[in-house]
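>
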């Protein structure tokens, strides 16, 4: 916003403000002065308009009645930036976070610098300063051990006092790319089966399908490798046999040949037909519960466990309850690793619960009732903008767009990657409520007998005749558990304000638009009329009571005779007690830990909260 105001040459209005003139002062001005003042008012309204348009609906009421841009800016500044003491506390927390900053395993240089910049920008936004030299030194100290030689090279070659953050980031990224090039690719871990099939196909080409590419393959059995080890003279002469290891003839004219495929290119022990049979035999004898464990397991494990599967084309689950929305018209089939087919009964969105308690959603998940396990497709995660790194017996999942580490999945002893995603609090689809339940909720969980009575007595216009249902409302069970009131009370009022009940409702987690977290309730015992005062602190109870007393006694011409409250400190202060004595008001206090003695006020509290 500051940048916007500077670009429109309006920042001086925010800093200096304008001096508003009264109608009397304006009447004494000339036409030129009045025109200049009108232009000044218009100039002040421009930044105020920008502020009103920029804030959300929850913040707008704070500046709704403000008439100058400077005043609105000061309100927002005090509300969200805080006082000097608050800023000092926030700076201490940010400096502590900066001191404990370390680069995580699997985190890229770009992601690490993004975290550092975020902390530095917050520190500077609160008015503190930090030299680039200290930031550079902290970054070099925070790098993992694999960057030790890089740090040593930078410290020796460059002057740290003059090194900028941009230069340091570029240098570290260049070293990071160089290290990644020298590291073995992740695909090498999955080449055991692929190499066999590729070699088989290559040898098919060598056996006549593509004669031009015969010399391009390095592996033709052991003879080919021995041929390369003989040196350049034998290779140039062309009279060296790779089968019998003699140099008076070439391989084509050798009397030895493969007795299996009748070819002169190799011996029988190196025949690719034999290797193919051995490879197939190995594949048949491998444990299927290790290769496709998640699809073939016969035991129904926890529904919270998902298996990361690179051979799975789509996310799949058999747990129908975890779907937020499910389109059951999407019908298809999926083929498992053993060739069996399973029916897909729908496609939708599931809800999972993250570690911080937030609800996350996974889209395009197949509902496969016959599936024994939940599967997460690696390919689908990659398409969604996630990066998966398999190293050090674990799988690291990173959100590339946000540069954020999502989770780290450790490899199980059977070489699979189980990810636990709790589905305890299901986000179910909202079903159509019956009419009785709907009106029960609309009237603040009013019981069904009272709803029926409202209709019979024509007490509510538009309320239909509701069928009585003896169903259980969980909200009523959890929210209406209370101690029953005493069957006999000491006495009841026979005139207005003869007895007034008072109580303060405990602090709300969500404040009002004015920042109030309590409300003070007064209830007249005779008429059951009630008055509510919203307060920030309990200590405001005395001032609210004096206002209430002046109001009700003036309006009703009846004095307050008795005030019944609990033994809270807000009602038992010396100031409160002395005031009641001077006004001739008798105070009745309930027994400790017995709220049912003040049941009128307590019940009204619950009514107000439930209706809200």
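Numbering (the numbering used here), first residue to last: 61 to 672.
Glycine included, C-beta positions come from ideal geometry on N, C-alpha and C.
1. For residue 213, count neighbouring Cβ atoms within 10 angstroms of its own Cβ and tell me buried if that reaches 16, exposed if not.
2. Distance check for residue 62 and residue 539, CA to CA, integer angstroms please.
3. Contact check, residue 375 vs residue 316 under 8 Å by CB: the rounded distance?
4. I'd like to know whether the C-beta atoms of residue 591 and residue 582 end up nearer to each other than 8 Å.
5. In or out: residue 196 buried (at least 16 other Cβ within 10 Å) or exposed?
6. May I ask you to report which of helix, strand or coil DSSP gives residue 121?
7. Could you tell me which of 383, 438, 572 and 402 sits nearest to residue 421, measuring between CA atoms?
8. Among 398, 560, 466 and 216, which residue has its Cα nearest to the Cα of residue 645?
9. At what residues does the alpha helix (DSSP H) containing residue 113 begin and finish?
10. What runs of the beta strand (DSSP E), each 3 residues or longer, lie entirely inside the stretch 535-616?
11. Since I believe residue 180 is in contact with residue 190 (beta carbons under 8 Å), could you give me their beta-carbon distance rounded to a whole number of angstroms?
12. If I follow the unbroken alpha helix (DSSP H) through residue 173, where does it start and stop?
13. Using the C-alpha atoms, what's the distance from residue 571 back to residue 594?
14. Quick one: is residue 624 buried, meaning 16 or more other Cβ sit within 10 Å of its Cβ, or exposed?
15. Which of helix, strand or coil does DSSP assign to residue 68?
16. Can you have a look at residue 64 and say buried or exposed, based on whether 16 or more other CB atoms are within 10 angstroms of its CB?
17. Taking only the alpha-carbon atoms, compute the straight-line gap between residue 188 and residue 171 and give it to the nearest angstrom.
18. Can you give me the Cβ contacts of residue 650 inside the same chain, cut-off strictly under 8 Å, excluding the 5 residues immediately before and after it?
19. What does the alpha-carbon distance come out to for the pair residue 186 and residue 146?
20. Suppose you measure from the CA of residue 326 to the CA of residue 306; what does that come to, to the nearest Å?
21. May I ask which residues mark the beginning and end of the alpha helix (DSSP H) holding residue 510?
22. Here's the rule I'm using: 16 or more other beta-carbon atoms within 10 Å means buried, otherwise exposed. How should residue 520 be labelled?
23. Got a sec? Which residues, its chain only, sit under 8 Å from residue 394 by beta carbon, not counting five neighbours each side?
24. Would you call the stretch 93-103 in contact with the stretch 114-126, where contact means no fewer than 3 C-beta pairs closer than 8 Å?
25. Does the CB of residue 405 have a neighbour CB from chain B at under 8 Å?
26. Whose CA, out of 469, 472, 526 and 479, lies closest to the CA of residue 494?
27. Determine the burial state of residue 302: buried for a count of at least 16 other Cβ atoms within 10 Å of its Cβ, exposed for fewer.
28. Quick check: what's the CA-CA separation for residue 135 versus residue 71?
29. Could you give the C-beta distance for residue 220 and residue 193, rounded to a whole number, given that I count them as a contact under 8 Å?
30. Where does residue 406 sit, in a helix, a strand or coil, going by DSSP?
31. Determine the DSSP secondary structure at residue 620, reduced to helix, strand or coil.
32. Residue 480 to residue 367, Cα distance in whole Å?
33. Given a cut-off of 8 Å on the beta-carbon distance, is the pair residue 104 and residue 129 in contact?
34. Could you compute how far the alpha carbon of residue 209 sits from the alpha carbon of residue 215?
35. What does DSSP give as the partner residue(s) for residue 668 in the beta ladder?
In terms of the structure at hand:
1. exposed
2. 48 Å
3. At roughly 56 Å, the Cβ-Cβ gap does not stay under 8 Å, so residue 375 and residue 316 are not in contact.
4. yes
5. buried
6. helix
7. 383
8. 560
9. 91-114
10. 559-565, 578-584 and 590-595
11. 6 Å
12. 169-185
13. 10 Å
14. buried
15. coil
16. exposed
17. 24 Å
18. 624, 625, 626, 627, 657 and 658
19. 10 Å
20. 14 Å
21. 508-516
22. exposed
23. 373, 374, 376, 401, 402, 404, 426 and 428
24. no
25. Going by chain labels, chain B is absent from the structure shown, which holds only one protein chain.
26. 526
27. buried
28. 16 Å
29. 6 Å
30. coil
31. coil
32. 9 Å
33. yes
34. 10 Å
35. In DSSP, residue 668 forms no bridge with anything.
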